[in-house]
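The opening position of the sequence shown corresponds to residue 292 in this note's numbering, with each subsequent residue numbered one higher.
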Amino acid sequence: MAVPALATAQTATIRVSSRARAPRASAASSSRGASPTTPSSPVTMKASSSARASASSGPCATSKVRPRSRTRLRAIESDTARSAKQHAVDTDLEVPEWHSRSLIEDGRAFTETFPVRFDEVGPNKKTTMRTIASMLQECACNHAQGIWGRSQAMPADMKAQNLGWVCTRLHIVVDEYPAWGDMVEVRTWFDSQGKIAARRDWDMYYCTGDEEPNEQCASVGRATSQWVAFNIAKRKLARIPATVIPQFREQARKTRALKNTPVMGDDYDPDKLPDVREMSGAIAPTTQSVRRNDLDMNGHVNNVVYTEWLLEAVPHYMWNEFELTELVLEFREECGYGDLVDAVSANEKRVRTEFGQENAGVSMAHMLLRKSKGGSGDGAPTEVVRARTVWKARPRSPDLPAPAR
């Protein structure tokens, strides 16, 4: 079946030569050891060249360097790329072209490569959980466009009934935060879950940028999510149209042939998230007011913004002593312009990780409570988001004093 055209840009970047990046390659290959799932490097292609084909085994093969089969969409060499090549005279600088978006594995999955931009890193020059969430969201939306057409986030039959997709649960696990200038490859695929829901998975990697076959990649993390159909006009959940279900079943049949799916494992069973209001030792809330810039195309607060609000309520000492490794969100209500929202957090007594093993870290429970709608009080606070974060202890020299709280 023909795939609708998706704008696919070949973006020009200037990077240090592979010789200078060698220490980076060593660090990337040794930081995680032998990763069970490693991607290939982004494919370099000219605007006039044909799509590269290879006998790729799946989105998560075990080899560290592996060619990948791609379904080429539309490649456009930007003016910046042409100009950079014309003026690049320093032999120590290279101007690679990378195919940023494409369908892979015979259309069963989608991949997109993101450069880590200056405004996406913190004081340590590393990305934040907000950056990770934003990359996941963007990759998922572009996958939808690749299947259903430009500016289309759902099948035509859903659009005709004024239906859209709403994420009800998102679980992100971070192995290592990329640094400024890294290229992060995000891959995604989805599967049906009955007649009312769908599951979308992602995995993420960053690569050294060396030419093949010397490309070395390390795991950034992975994520899973649940989505349901939503009536945009009535602002309530809806059934997936009967005409769309066969499409999902066919996609599910193809997806289940991929390796490493579900990305969290077949026995993944999400924990129930606690109500912070019923816990002792809750931290004083921080209040956020919904700005116009916080709204998405559907007129409610973007999910990535909720991530920022939750983490803003985490005490400063937590960021000094621990590193955030997991984020679980359950979306329960929407917020609109002018709403006032409290972010409430509390330390959990148990120490847990993604799969329940103990580690030298802590977990926190979070909630977002809408205390007024449109700037005016409307009775009891409404629960908007329930969440959990998991943190691992940062390494600290025994000669240094403990961080002040």
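Idealized CB from N, CA, C, for every residue including glycine.
Got a sec? Which residues, its chain only, sit under 8 Å from residue i by beta carbon, not counting five neighbours each side?
| i | result |
| --- | --- |
| Pro314 | Reliability of the predicted coordinates at Pro314 is poor, the pLDDT of 36 falling under 50, and the value obtained from them is presented with this limitation in mind. Same-chain partners within the cutoff: there are none. |
| Ala470 | Val407, Val412, Lys416, Lys417 and Thr418 |
| Glu621 | Thr459, Arg460, Leu564, Val676, Arg677 and Ala678 |
| Ser442 | Gln436 |
| Tyr559 | Thr515 and Pro553 |
| Val511 | Ile423, Val465, Asp466, Glu467, Tyr468, Pro469, Val475, Met495, Tyr496 and Tyr497 |
| Ala573 | Val567, Val635, Ser636 and Ala637 |
| Gln542 | Arg399, Phe481, Asp482 and Ser483 |
Excluding sequence positions up to five away, which residues of its chain have a Cβ less than 6 Å from the Cβ of residue i?
| i | result |
| --- | --- |
| His657 | Leu601, Ser636 and Ala678 |
| Lys662 | Leu631, Asp633 and Pro672 |
| Ala604 | Thr577, Ala634 and Ser636 |
| Ala318 | Any reading at Ala318 is ruled out, since the residue's pLDDT is 38, under 50, leaving its predicted position unreliable. |
| Glu618 | It is worth fixing the name first, because residue 618 is Leu in this sequence and not Glu. Around Leu618: Met420, Ile463 and Thr680. |
| Glu599 | Arg421 |
| Cys430 | Glu403, Val477 and Thr479 |
| Thr616 | Val465, Val681 and Lys683 |
| Gln579 | Trp600 and Val632 |
What residues in its chain sit with their C-beta under 7 Å from that of residue i, if we drop five residues either side in the sequence?
| i | result |
| --- | --- |
| Phe725 | One cannot answer for residue 725 here, as it falls past the ends of the chain, which runs 292 to 696. |
| Pro446 | Trp439, Val535 and Gln538 |
| Cys626 | Val581, His591, Val592, Val632, Arg661 and Val675 |
| Ala444 | Cys432, Ala435, Gly455 and Trp456 |
| Asn522 | Asn453, Leu454 and Ala529 |
| Lys664 | Asp630 |
| Trp610 | none |
| Asn589 | Gly455 and Ile523 |
| Pro606 | Ile574 |
Which residues does DSSP list as the beta-bridge partners of residue i?
| i | result |
| --- | --- |
| Tyr468 | Beta-bridge pairing links Tyr468 to no other residue. |
| Trp493 | Thr479 and Ala514 |
| Ser636 | Ile574 and His657 |
| His462 | Thr515 and Val619 |
| Phe613 | Ala684 |
| Ile536 | Paired residue(s): none; Ile536 is not in a bridge. |
| Gln484 | Ala488 |
| Leu601 | Leu601 is not bridged to any residue. |
| Asn522 | Leu454 and Lys527 |
| Val581 | BP columns for Val581 are empty, so no partner. |
| Val412 | Thr418 |
| Val592 | Leu586 |
| Thr673 | Arg661 |
| Cys498 | Met474 and Cys508 |
| Glu396 | Looking at the DSSP assignment, Glu396 forms no beta bridge with any residue, so it has no partner. |
| Gly652 | Lys683 |
Taking the beta carbon of residue i as the centre, do at least 16 other beta carbons fall within 10 Å, making it buried, or is it exposed?
| i | result |
| --- | --- |
| His591 | buried |
| Asp587 | exposed |
| Phe409 | exposed |
| Thr680 | buried |
| Arg490 | buried |
| Ser571 | exposed |
| Asp690 | Its pLDDT being 49, under 50, Asp690 is placed unreliably by the model, and nothing is read from it. |
| Arg544 | exposed |
| Gly492 | Before going further, note that residue 492 is Asp rather than Gly in the sequence given. Looking at its Cβ environment, which holds 16 or more other Cβ atoms inside 10 Å, Asp492 is buried. |
| Glu467 | buried |
| Asp557 | exposed |
| Asp397 | exposed |
| Ile395 | buried |
| Ile487 | exposed |
| Ala509 | buried |
| Asp473 | buried |
| Arg513 | buried |
| Glu624 | exposed |
| Asp562 | exposed |
| Glu506 | buried |
Touching by the beta-carbon criterion (3+ pairs, under 8 Å), the region 591-605 and the region 421-431: yes
Touch test, the region 511-522 against the region 565-583, Cβ-Cβ under 8 Å, three pairs minimum: no
Contact the region 616-630 vs the region 531-538: 3+ CB pairs below 8 Å: no
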